[in-house]
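S.K.:
Residue numbers (our numbering), protein chains in the order written: chain A, 1 to 413; chain B, 1001 to 1477.
What follows is the structure in structure tokens.
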């Protein structure tokens, strides 16, 4: 085969990597490059260096080492039976691109994944080699996210954690049965075991109070995973339950949801339709409710119809409309966990309410100044100069708050 | 009107000194004005009497100073008046900064937020181009920040690129790093920066390839990457074309017929599927087979949220078998029974009873971890009678393979799993029960029960009883 030039390779291997939604560069240990011989810093907050017209951010150089793959996962553009062009980077090529992009301030670092070639161990070894070269030869202190090959030897995972900020193994399909059908060579059990191993390694890397020598570093930005939405027929409640179980079991920092999107040369067993972007958005909102608002997956599911979240209104509003007996609540006296359940009040708004009300008794206009729109909040709260009266229980409350359903955009298909 | 003249748009120290003097002179907010002059040392339109030495000075909360440092970088004309108004009001309302619902405070926070966002966007959107001079490689960027955030943001680039010589040129001024010191220079123009960089083509290739045309969301893109920045972003030139082609590319993907499945691959896949399937009624002939079979088990739904099935561990020739309830959080991750907190209690008790754990076959009545997720933890849940009886299949298989002489059950679930009936452990504890196949069962409590006893005396007493039960089991061997 003729040698592909580097730009062509970059094009193929970036295209092959883009269906992984993760782009975070946040939450790792703080570093700068003073006293070093290379470049790179991380300061807690992630930075998105560009946005593509799909609304997704470009924070990391997200590429595959190779898109050759011995697996045949129906939903994946790189599956063995797909006819996409194939390419493979040399280790030094990825290292060179990362540094060249980083020095021009295009990226925060590297997100490297790969098709499975030869074996899980071999593939993982190659990924680790890139990270190791960046860290040890070039003293690169930017962000590195490595994909975990679940079948790989635990020793390689440990080594990956030494160089990477974040590790991730993708569950992809919420239902294990669907994984068996659509990705027969993958084994959900093996993926979960790998995530369990990462959790144990991360816990072991936390220095104890009496440790005199710090244990070796292990992926300070933790691990994440991705679930594809709309490929396997599982309803939202099942997806949320799966997320809750993953957060609880493996200490994941994030579960990413990726609306299943048509791919070039796609398999006949999958739906060819527009990606369910609104559904993806609602799932992210539900995920936030679970992580920051004290909701459990079954609670959010209470307002679902046939297991599906309402697409027209956000899941918190849907829950509140369903549980009106709990409202209105008094913004001047209600505790934090109760305020967090008021539609339209975010974590920041609630924290501001709590701090201001020590000095002022809040009126409705004060609340309006602290949140993004008071219309959604009003029916659910009492303030110094405001009580919703019968509004909370009004039969047409949903219609009054929820915007008229917009005319549906013409289908692309 | 009293007018104070500042050194520059972002002369915070000048503003601070002048504002302090004005407030001490009792000048009300409407009567004070700030102008930007060229140098000078805070000249006042009308000479302002310096505060007398004995006049009480005043202090303001640190949060106001921090806020003001950001607000002054805002491009609005009236930002200095807003800050002075706040400074004066702080005299009567010392807690004012905490009242974020106040119109002035809210406005100041809003402007600080805009400034902080402009600084963040500068960190994101500066694009260096490579150049060279007599001393070697240099990196130069032309950037137009939304607010006057150059000085605030330049240290970020120092922390990130201390080994590079770089400068960021802006219409407000320039920041330059020579490898040792950061200096600020007068404003520049776009033509002072290099016009191109060959790596930009790679970057554009990457940008175009990482875009998914099937999920066009231009509004989301623009809210995060406002058009005002586009002219200095090399990749932004591609946006119109990418957007224009998106629909066509997506239609082409959808319209292309799916390829014929590869027959050889399909055969391999169906073999894999067959080999991993759960086979009802499969009788394993050794412990390794049993472990594999448990991983495929679908006799009850507990496999779904567990990491793996956890089988028993120990020599096949063991004469003593210990049966617990189910694997816990740690056991579920490690794939081995009794490695968590309860396992440590058991190990210590075994040692005290003079039993080597290596000689014992340790297992559980239920092979998967039943739990309920709560935030970042998993809370143990007791398996139902149905789940216990579904799993008896595997416990029986282990008994058939190991053929222990004595089986100690820990807690009610383990007793239920072994005997197949509900048992009050406290009543039947410590008595040997004939199992029919020549083996004897001995019932006792679960070690996690010992962990939950609050008072030390009770704990010690219960622990002694537990060790005694284990000694009794040893005597039966």
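The beta-carbon is built from N, C-alpha and C at its ideal position, and this holds for glycine as well.
All values reported here derive from a predicted model rather than from experimental measurement.
Would you say residue 149 of chain A and residue 110 of chain A are within 8 Å of each other, going by their C-beta atoms?
M.R.: no
S.K.: So that I know if they touch, is there some Cβ in chain B lying closer than 8 Å to that of residue 94 of chain A?
M.R.: no
S.K.: Around the Cβ of residue 1381 of chain B, are there at least 16 other Cβ atoms within 10 angstroms (buried) or fewer (exposed)?
M.R.: exposed
S.K.: Mind pulling the chain A residues with CB within less than 7 Å of residue 1305 of chain B?
M.R.: Around residue 1305 of chain B, the beta-carbon contacts reaching into chain A at under 7 Å are 245.
S.K.: Return no unless some Cβ of chain A is closer than 8 Å to the Cβ of residue 1011 of chain B.
M.R.: no
S.K.: Which same chain residues, not among the five before or five after residue 1112 of chain B, have their C-beta less than 7 Å away from its C-beta?
M.R.: Apart from sequence neighbours up to five positions away, the residues of its chain that approach residue 1112 of chain B with a beta-carbon distance below 7 Å are 1067, 1070 and 1071, ordered along the chain.
S.K.: Measuring CA to CA, which of A:271, A:57, A:287 and A:123 is closest to residue 255 of chain A?
M.R.: A:287
S.K.: Hey, out of B:1464, B:1215 and B:1306, whose CA is closest to residue 1494 of chain B's CA?
M.R.: Residue 1494 of chain B is absent from the structure shown; chain B starts at 1001 and stops at 1477.
S.K.: Let me make sure I understand the geometry here. Which of B:1442, B:1360, B:1129 and B:1294 has the alpha-carbon closest to that of residue 1316 of chain B?
M.R.: B:1360
S.K.: Compute the Euclidean distance between the alpha carbons of residue 1188 of chain B and residue 118 of chain A, then round it to the nearest angstrom.
M.R.: 55 Å
S.K.: Anything in chain A within Cβ reach of residue 1095 of chain B, meaning under 7 Å, just list it in chain order.
M.R.: Going along chain A in sequence order, the residues near residue 1095 of chain B (Cβ under 7 Å) are 359.
S.K.: What's the call for residue 1270 of chain B, buried or exposed, on a 16-neighbour Cβ count within 10 Å?
M.R.: exposed
S.K.: Under a Cβ-count criterion, where at least 16 other Cβ atoms within 10 Å of its own Cβ denotes burial, should residue 1344 of chain B be classed as buried or exposed?
M.R.: exposed
S.K.: For residue 51 of chain A, which three-state DSSP category applies?
M.R.: strand
S.K.: Could you tell me if residue 1235 of chain B is buried or exposed, where buried requires 16 or more neighbouring beta carbons within 10 angstroms of its beta carbon?
M.R.: buried
S.K.: Going straight from the alpha carbon of residue 1040 of chain B to that of residue 289 of chain A, what length do you get?
M.R.: Reliability fails at residue 1040 of chain B, whose pLDDT of 47 lies under 50, so the model's placement of it is uncertain and no value is given.
S.K.: Listed in chain order, which residues of the segment 1194 to 1214 of chain B have Cβ atoms closer than 9 Å to some Cβ of chain A?
M.R.: Of all residues in the segment 1194 to 1214 of chain B, only 1197, 1199, 1200, 1201, 1202, 1203, 1205, 1206, 1207, 1208, 1209, 1210, 1211, 1212, 1213 and 1214 place a beta-carbon less than 9 Å from a beta-carbon of chain A.
S.K.: Sorted by chain position, which residues of the same chain lie with C-beta nearer than 8 Å to residue 371 of chain A's C-beta, five sequence neighbours on each side aside?
M.R.: Excluding positions up to five away in sequence, the list reads 344, 345, 346, 349 and 377.
S.K.: Chain B partners of residue 185 of chain A, CB-CB under 9 Å?
M.R.: 1268, 1269 and 1272
S.K.: Do the segment 1302 to 1321 of chain B and the segment 1351 to 1366 of chain B touch if we need at least three Cβ pairs shorter than 8 Å?
M.R.: As far as the Cβ criterion goes, the segment 1302 to 1321 of chain B touches the segment 1351 to 1366 of chain B, which means the pair count is three or higher.
S.K.: Could you tell me which uninterrupted beta strand (DSSP E) segments, each at least 3 residues in length, are contained entirely in the segment 1315 to 1388 of chain B, listed from first to last along the chain?
M.R.: 1320 to 1324, 1360 to 1364, 1371 to 1374 and 1377 to 1380
S.K.: For a quick check, are the C-beta atoms of residue 47 of chain A and residue 1152 of chain B less than 8 Å apart?
M.R.: no
S.K.: What does the alpha-carbon distance come out to for the pair residue 1402 of chain B and residue 1336 of chain B?
M.R.: 17 Å
S.K.: Along the chain, which unbroken stretches of the alpha helix (DSSP H) at least 4 residues long are found entirely within the segment 352 to 406 of chain A?
M.R.: 364 to 370 and 397 to 401
S.K.: Using a Cβ-Cβ distance cut-off of 8 Å, determine whether residue 140 of chain A contacts chain B.
M.R.: No - not a single Cβ of chain B is within 8 Å of the one on residue 140 of chain A.
S.K.: Which residues bound the alpha helix (DSSP H) around residue 123 of chain A?
M.R.: 120 to 132
S.K.: Provide the residue span of the alpha helix (DSSP H) that contains residue 1241 of chain B, from first to last.
M.R.: 1239 to 1255
S.K.: Are residue 1398 of chain B and residue 1369 of chain B closer than 8 Å when you measure CB to CB?
M.R.: The answer is no: Cβ separation not under 8 Å.
S.K.: Between residue 163 of chain A and chain B, is there a C-beta pair that is closer than 8 Å?
M.R.: With 8 Å as the cut-off, residue 163 of chain A does not count as an interface residue toward chain B.
S.K.: Residue 1411 of chain B by DSSP, collapsed to three states: which one?
M.R.: helix
S.K.: Mind checking which residues open and close the alpha helix (DSSP H) that includes residue 1481 of chain B?
M.R.: The question about residue 1481 of chain B has no answer, for chain B in this structure spans 1001 to 1477.
S.K.: The alpha helix (DSSP H) spanning residue 239 of chain A covers which residue range?
M.R.: 236 to 250
S.K.: Specify the secondary structure class of residue 91 of chain A as computed by DSSP and reduced to three states.
M.R.: If DSSP states are grouped into helix, strand and coil, residue 91 of chain A belongs with the helices.
S.K.: Cutting at 7 Å between CB atoms, please list the residues of its own chain near residue 241 of chain A, excluding the five before and the five after it.
M.R.: 297
S.K.: Give every residue of the same chain whose Cβ lies closer than 6 Å to the Cβ of residue 88 of chain A, excluding the five residues on either side of it in the sequence, and list them in chain order.
M.R.: 66
S.K.: Look up residue 1003 of chain B in the DSSP assignment and say whether it is helix, strand or coil.
M.R.: strand
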